[in-house]
Amino acid sequence: MEWMLMPYRRYADFSGRSRRKEYWMFVLLSFIVLAVCMALMFAGGMSADASGENAPGPLFWLGVVLMAIWGLGSIIPSIAVQVRRFHDQDKSGWLVLLGLIPYIGGLIVFIFMCLEGTRGSNRYGNDPKNPTNSDVFA
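Per the numbering used here, the sequence shown runs over residues 35 to 172.
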């Protein structure tokens, strides 16, 4: 759970580096929250109102509101953790904008998010896997 919430602790921190684990656990948390919201929306699906017309129930609207709040509250940490992942690979955080390219941009960013970061320090900070930069065999 610590890894899932770390991007919220570093809410708008676009500097430094983040491990793959931090990024993917944040993605998993987002997926779980959105799945719960979707389940609420489906549970409160269409029902007949007083006039006999089909209308979404209150659970549907609760799911919509919770999803909107989650989305608005998560947009900045989502971008920030992505920027830090690019920094971990010694790349500019501006590469996040690749995601705006239709069709292929999201795939390119996905591939970058799967790649391992550079070992040791780089221009964005110490290695998050080995913050002391100590080597056992040195």
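We put the CB at the ideal spot given by N, CA and C, even for glycine.
Since we're looking at a predicted model, the values are computed, not measured.
Taking the CB atoms as reference points, tell me whether L62 and M38 lie closer together than 8 Å.
yes
By a C-beta neighbour count over all protein chains shown, 10 Å radius and 16 as the cutoff for buried, is L74 buried or exposed?
Residue environment for L74: buried (at least 16 other C-beta atoms within 10 angstroms of its C-beta).
I'd like to check one pair, P41 with A114: are the Cβ atoms closer than 8 Å?
yes
Straight-line Cα distance separating G140 from F120:
Each residue's Cα considered, the two are about 14 Å apart.
From E36, I145, R44, residue whose alpha carbon lies closest to that of S112:
R44
Which whole-angstrom value is the C-beta distance of G127 and V143, which I expect to be below 8 Å?
In fact, because the Cβ distance is near 12 Å, the residues do not count as touching under 8 Å.
Any idea what DSSP makes of P151, helix, strand or coil?
According to the sequence as given, residue 151 is Gly; it is not Pro. Per DSSP, reduced to three states, the secondary structure at G151 is coil, with no helix or strand assignment.
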